[in-house]
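Structure record follows, encoded as structure tokens.
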Amino acid sequence: MAEARILLLRGVNVGGRGRLTMAALRDALVAEGAWDVATYL
1 MAEARILLLR GVNVGGRGRL TMAALRDALV AEGAWDVATY L
């Protein structure tokens, strides 16, 4: 079984500049080798 990992981000999209969509974040994590990526707000 694969090891579970959690990524907690703070201060993303604060101020309205340089916005990062959840879809873009998921795609970037998958591109780096993550699998079964989910976001929760």
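Straight run, no breaks: the sequence shown in the UniProt record's numbering ends on number 41.
For each residue, glycine too, the CB sits at the ideal point set by N, CA and C.
Keep in mind the model is a prediction, meaning the values are calculated, not measured.
Alpha carbon of Arg19 to alpha carbon of Gly33, nearest angstrom: The residue you call residue 19 lines up with position 19 of the sequence shown. The residue you call residue 33 lines up with position 33 of the sequence shown. Spanning the two alpha carbons is a distance of roughly 23 Å.
Contacts around Leu7, its chain only, beta-carbon distance under 8 Å, and the 5 residues preceding and following it disregarded: As a first step, residue 7 must be located in the sequence shown, where it is residue number 7. Leu29.
Among Thr21, Gly16, Asp36, nearest to Ala4 - alpha-carbon criterion: Residue mapping note: residue 4 aligns to position 4 of the sequence shown, counting from 1. For Ala4, the nearest C-alpha among the options comes from Asp36.
Cut-off 6 Å between Cβ atoms - residues of its own chain near Thr39, not counting five sequence neighbours on either side: On the sequence shown, position 39 is the one that residue 39 refers to. These residues qualify, in order along the chain: Met22.
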